[in-house]
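Asker: The structure under discussion is supplied below as structure tokens; questions concerning it will follow.
Number of protein chains: 2
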Amino acid sequence: MPHTLHVELGERAYPILVGSGFLHDPAPLFPYLHNRRVMLVTNSTVHPLYGQALEGALKAQGVDLRTVILPDGEAHKAWESIERILAVMLTDHLDRKTIVLALGGGVIGDMAGFAAAIYQRGVDFIQIPTTLLAQVDSSVGGKTGINHALGKNMIGAFHQPLAVLSDMDTLLTLPAKELSAGLAEVIKHGLIADAAYFDWIAQNMAGLRALEADLLTHAVIRSCEIKANVVAQDERESGLRALLNFGHTFGHAIEAGMGYGAWLHGEAVGAGMVMAADLSARLGYIEIALVERIRATVAAAGLPTQGPGLGAERTIQLMLGDKKNEAGKIRFVLLKQCGHAFLTAVPEEALRATLQECHA
Amino acid sequence: MPHTLHVELGERAYPILVGSGFLHDPAPLFPYLHNRRVMLVTNSTVHPLYGQALEGALKAQGVDLRTVILPDGEAHKAWESIERILAVMLTDHLDRKTIVLALGGGVIGDMAGFAAAIYQRGVDFIQIPTTLLAQVDSSVGGKTGINHALGKNMIGAFHQPLAVLSDMDTLLTLPAKELSAGLAEVIKHGLIADAAYFDWIAQNMAGLRALEADLLTHAVIRSCEIKANVVAQDERESGLRALLNFGHTFGHAIEAGMGYGAWLHGEAVGAGMVMAADLSARLGYIEIALVERIRATVAAAGLPTQGPGLGAERTIQLMLGDKKNEAGKIRFVLLKQCGHAFLTAVPEEALRATLQECHA
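Going down the list, the sequences are from chains B and X. Numbers 0 to 359, taken from numbering that gives the first Met the number 0, label the letters of the first sequence in order. Numbers 0 to 359, taken from numbering that gives the first Met the number 0, label the letters of the second sequence in order.
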């Protein structure tokens, strides 16, 4: 039986199911598909691994199903992909009761969710995340969207899924680099909300990277609990939810500066968290010892702890384009202690010092 | 002082202000613009008439303003226009507190609202409708979106405005044909919800078409009240709101069959309401005498009372592509009496008879 946890969002509340074997025996999906036409969205990497099995199992149940297989990668997280999904839905005259299944990593989840958000002003969708990053982060919270040539994730909608199904089996085929990228968000959840969880992560890093099922299951559940709790309190990111951006203001600048795709999102967040920790210590909020523990844990996860050397000026310029900034002021999520993050503006001198120290 | 009525939607509640002189003295707008950057969206017809005056008045107040002037017409209600708006917003690094002003008819309102809905997952917008149709219909209720080559209004979002400002002065420059198109929705509001209002409309049609200010103001307020009341009870069109589609299932088929733009939306709805009335009588719900009154009132508004002769088979085929249909079944909004509409499936024979009788 899968573990189930609930994201409390009133009329938009939904369950997250964490378990294994879903994709070959998708019984937990069936209650959602009754009398509804189904649009499966996946990519060319995931389709042969899990999509075909899921299609077979659904068709054996008589589900009215069609599939769009998008090219893999962040470079395709653009309007053209949304247009491909919408064209199939319109050609098949899919109605407002249609349900969209997002089978893949965060890019697929964001795009399938956005297509669901704007098709006929909104149809339901279910997330079936196949990467650790998507399981612990992007599948939870209802953020959907695409990139624009002028900025990442700039076009989108808040659209909560009907359910999230996380199958641990999918992590067995995940490249090690992408597992590490997912661990960046796991580390983040400990740092911003639960010091004991951070300790557990630091102690069990080797086992997590060796894909020990019990450890991964615990990490997915605890990370989803933390993220779900934040989202439930601040669905539309007016306050608390910003804390989930710990490491991300730096990370987004790295991703933008290097060209999207050069660094994985989780890699940029790994280095970004070290920078945010450095800045927190520099402003007197935390001890250097904690910065070093964070640096060591990020390294143990197989993630970079330094930036790519874009330079302080260029990095600040890139941050000004980040959408979390109001009217040109850059605000950062910093740590007050392990397990406690807060949002603040920072003196530009301290920021520059961190960027230089951490080779941003 | 403008009349104010409130659309009750909980945390998304907003006021509708109906008055005159707003566009030269937009004082009612100022409270909404404090410390926010502003994106004005309008079209090439409205900009010289009202946009330049509004820009001047806002800039005189020190408002940080930029304008996108889209080409006029339903043909431009497409992703390309949204992309133009988004590119300006991104180039100017507009943040999440930005407010979008939609100055124009329904097409501008739908597009500016949709751009606001998806820019950084949603920013605020204000509707400043300049056509009767937009004032009594499209500006109220939060429907936003664009057309797709495969279907009208198929891509969009529910996104409620922060406020609606309807300036009666704008109707003085409205082409008579477009005033008639707006009157189609006014007639509809009487028919589905308020028999006394329908009687008032029928009696005052000449004065409405002669742009008597008191009559127009009353019509805009009463129509907005009726629509706002329906929307407040069913924001996401799961039931009651469907009644606002009286005449629209027929109308959409006419628009699609003739090619969008050949008939104005209100013209298609005019003929569509006569068809829906004919079908209501054919199924025994209303008397022939009421059908004749509706036909006469639609004609008096300067609207067609017959279809363009697409033929019954083609019209039914076009209806199957309409998004209100679940899994292939066509449902219609019919009248039980004047002022009382309901949603029902209908026997295909009766539908065919109506389509033939009304030259659909």
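The C-beta atom is built at its ideal place from N, Cα and C for all residues, glycine as well.
Check each candidate in X/Pro-30, X/Gln-51, X/Gly-140 and name the one with the smallest Cα separation from X/Ile-98.
Answerer: Along the second sequence, read from residue 1 onward, the residue named residue 98 of chain X stands at position 99. Nearest option by C-alpha distance: X/Pro-30.
Asker: Counting only Cβ-Cβ distances shorter than 8 Å, please list the residues of the stretch 84-103 of chain B near chain X, keeping chain order.
Answerer: Correct list: Leu-85, Ala-86, Leu-89, Thr-90, His-92, Asp-94, Arg-95, Lys-96.
Asker: Locate the beta strand (DSSP E) running through X/Thr-143, then write down its first and last residues.
Answerer: The count along the second sequence starts at 1 and reaches residue 143 of chain X at position 144. 142-147 is the span of the beta strand (DSSP E), which, as asked, contains X/Thr-143.
Asker: With DSSP as the reference, identify every bridge partner of B/Gly-18, one or two as the case may be.
Answerer: Against the first sequence, residue 18 of chain B aligns to sequence position 19. The partner list for B/Gly-18 (beta bridge, DSSP) reads B/Asp-166.
Asker: Establish whether the CB of X/Arg-120 and some CB of chain B are separated by less than 7 Å.
Answerer: Position 121 of the second sequence, counted from the first residue, corresponds to residue 120 of chain X. It does; some Cβ of chain B falls within 7 Å.
Asker: I need the straight-line Cα distance from B/Gly-260 to B/Ala-74, nearest angstrom please.
Answerer: To locate residue 260 of chain B, count along the first sequence from 1; it is residue 261. To locate residue 74 of chain B, count along the first sequence from 1; it is residue 75. Rounded to whole angstroms, B/Gly-260 to B/Ala-74 spans 7 Å at the Cα level.
Asker: Are at least three pairs of beta-carbons, each pair with one atom in the stretch 105-115 of chain B and one in the stretch 49-61 of chain X, less than 8 Å apart?
Answerer: Verdict: no, contact absent.
Asker: From X/Val-345 to B/Pro-27, what does the alpha carbon distance come to, in whole angstroms?
Answerer: Position 346 of the second sequence, counting from 1, holds the residue named residue 345 of chain X. Position 28 of the first sequence, counting from 1, holds the residue named residue 27 of chain B. Their Cα atoms are separated by approximately 37 Å.
Asker: Expressed to the nearest angstrom, what Euclidean distance is found between the alpha-carbon atoms of X/Leu-215 and X/Gly-55?
Answerer: For the purposes of this step, residue 215 of chain X is taken as the residue at position 216 of the second sequence. For the purposes of this step, residue 55 of chain X is taken as the residue at position 56 of the second sequence. X/Leu-215 and X/Gly-55: Cα-Cα distance of roughly 27 Å.
Asker: Residues of chain B with CB under 7 Å from X/His-147, in chain order?
Answerer: Numbered from 1 along the second sequence, position 148 holds the residue referred to as residue 147 of chain X. Within chain B, the residues near X/His-147 are Leu-85, Leu-89.
Asker: Could you check which residue in X/Tyr-13, X/Tyr-196, X/Arg-351, X/Met-257 has the C-alpha nearest to that of X/Gly-141?
Answerer: Stepping through the second sequence from its first residue, residue 141 of chain X is reached at position 142. Considering only alpha carbons, the answer is X/Tyr-13.
Asker: Which runs of the beta strand (DSSP E), 3 residues or longer, sit entirely within the stretch 60-141 of chain B?
Answerer: You should have 64-69, 98-103, 123-128.
Asker: Secondary structure at X/Ala-299, three-state DSSP: helix, strand or coil?
Answerer: The count along the second sequence starts at 1 and reaches residue 299 of chain X at position 300. The answer is helix: DSSP assigns X/Ala-299 an H, G or I state.
Asker: Alpha carbons only, please: which of B/Leu-334, B/Val-185, B/Gln-305 is nearest the one belonging to B/Leu-289?
Answerer: Numbered from its first residue, the first sequence carries residue 289 of chain B at position 290. Looking at the Cα atoms, B/Leu-334 is the closest of the given residues.
Asker: Relative to chain B, which residues along the stretch 132-143 of chain X have a C-beta separation below 7 Å, given in chain order?
Answerer: Taking 7 Å as the Cβ-Cβ cut-off against chain B, the residues of the stretch 132-143 of chain X that qualify are Lys-142.
Asker: Which residues in chain X sit within 8 Å of B/Ala-156, going by Cβ to Cβ distance?
Answerer: One-based indexing of the first sequence puts residue 156 of chain B at position 157. Ordered by position in chain X, the residues that pass the 8 Å Cβ test against B/Ala-156 are Ala-116, Ile-117, Arg-120, Gly-121, Ala-156.
Asker: To the nearest angstrom, how far is it from the Cα of B/Arg-83 to the Cα of B/Val-40?
Answerer: The sequence position of residue 83 of chain B within the first sequence is 84, counting from 1. The sequence position of residue 40 of chain B within the first sequence is 41, counting from 1. Each residue's alpha carbon lies about 10 Å from the other.
Asker: Applying the 10 Å Cβ sphere with the 16-neighbour rule, what's the burial state of X/Gly-238?
Answerer: By 1-based counting over the second sequence, the position of residue 238 of chain X is 239. Exposed, because fewer than 16 other Cβ atoms sit within 10 Å of the Cβ of X/Gly-238.
Asker: Which bits of chain B does X/Met-38 rub up against, with CB to CB less than 9 Å?
Answerer: For the purposes of this step, residue 38 of chain X is taken as residue 39 along the second sequence, with counting starting at 1. Residues of chain B passing the Cβ test: none, with the nearest at roughly 14 Å.
Asker: Buried or exposed for B/Pro-174, going by 16 or more other Cβ atoms inside 10 Å?
Answerer: If you number the first sequence from 1, residue 174 of chain B lands on position 175. Classification for B/Pro-174: exposed.
Asker: Pull up the DSSP beta-bridge partners for B/His-5, would you.
Answerer: Position 6 of the first sequence, counted from the start, is the residue given in the question as residue 5 of chain B. Bridge partners of B/His-5: B/Pro-14.
Asker: Quick one: which chain X residues come within Cβ less than 8 Å of B/Leu-319?
Answerer: Locating residue 319 of chain B in the first sequence gives position 320, counting from the first residue. The contacting residues are His-92.
Asker: From the DSSP output, read off the bridge partner residues of B/Met-38.
Answerer: The residue you call residue 38 of chain B lines up with position 39 of the first sequence. DSSP output for B/Met-38 lists B/Arg-65, B/Val-99 as bridge partner(s).
Asker: Could you work out which residues of chain B lie near X/Trp-78, taking near to mean beta carbons separated by less than 8 Å?
Answerer: If you number the second sequence from 1, residue 78 of chain X lands on position 79. Those are Trp-78, Glu-82, listed as they occur along chain B.
Asker: Helix, strand or coil: which one does DSSP assign to B/Val-332?
Answerer: If you number the first sequence from 1, residue 332 of chain B lands on position 333. Strand, per DSSP.
Asker: Just checking, does the stretch 345-358 of chain X make contact with the stretch 276-283 of chain X on the three C-beta pairs under 8 Å criterion?
Answerer: Segments in contact, yes.
Asker: Relative to chain B, which residues along the stretch 264-283 of chain X have a C-beta separation below 7 Å, given in chain order?
Answerer: Answer in chain order: no residues at all.
Asker: Looking at the structure shown, is B/Ala-359 part of a helix, part of a strand, or coil, going by DSSP?
Answerer: As a working mapping, residue 359 of chain B is identified with position 360 in the first sequence. Coil at B/Ala-359, not helix or strand.
Asker: Using a Cβ-Cβ distance cut-off of 7 Å, determine whether B/Met-153 contacts chain X.
Answerer: Position 154 of the first sequence, counted from the first residue, corresponds to residue 153 of chain B. Yes, contact with chain X.
Asker: Would you mind reading off the limits of the alpha helix (DSSP H) that contains X/Phe-245?
Answerer: As a first step, residue 245 of chain X must be located in the second sequence, where it is residue number 246. Per DSSP, X/Phe-245 belongs to no alpha helix (DSSP H) and is neither H nor E.
Asker: What is the rounded straight-line gap between the Cα of B/Thr-66 and the Cα of B/Ile-125?
Answerer: Counting from 1 along the first sequence, the entry for residue 66 of chain B is found at position 67. Counting from 1 along the first sequence, the entry for residue 125 of chain B is found at position 126. Computed Cα separation, rounded: 14 Å.
Asker: At least one CB of chain X closer than 7 Å to the CB of B/Gly-61: is that the case?
Answerer: Looking up residue 61 of chain B in the first sequence gives position 62. Chain X contact via Cβ: absent.
Asker: Give, in chain order, every residue of the stretch 229-253 of chain B whose Cβ lies closer than 7 Å to some Cβ of chain X.
Answerer: Hits within the stretch: zero.
Asker: Going residue by residue through the stretch 255-302 of chain B, where are the continuous alpha helix (DSSP H) segments of at least 4 residues, counting only ones entirely within it?
Answerer: The stretch 255-302 of chain B contains these whole alpha helix (DSSP H) runs: 264-281, 287-299.
Asker: Please report the straight-line C-alpha distance between B/Glu-177 and B/Gln-134, rounded to a whole angstrom.
Answerer: As a position in the first sequence, residue 177 of chain B is number 178, starting the count at 1. As a position in the first sequence, residue 134 of chain B is number 135, starting the count at 1. Cα-Cα distance, rounded: 12 Å.
Asker: Could you tell me whether the Cβ of X/Gly-150 comes closer than 7 Å to any Cβ of chain B?
Answerer: If you number the second sequence from 1, residue 150 of chain X lands on position 151. Output row for X/Gly-150: interface = yes.
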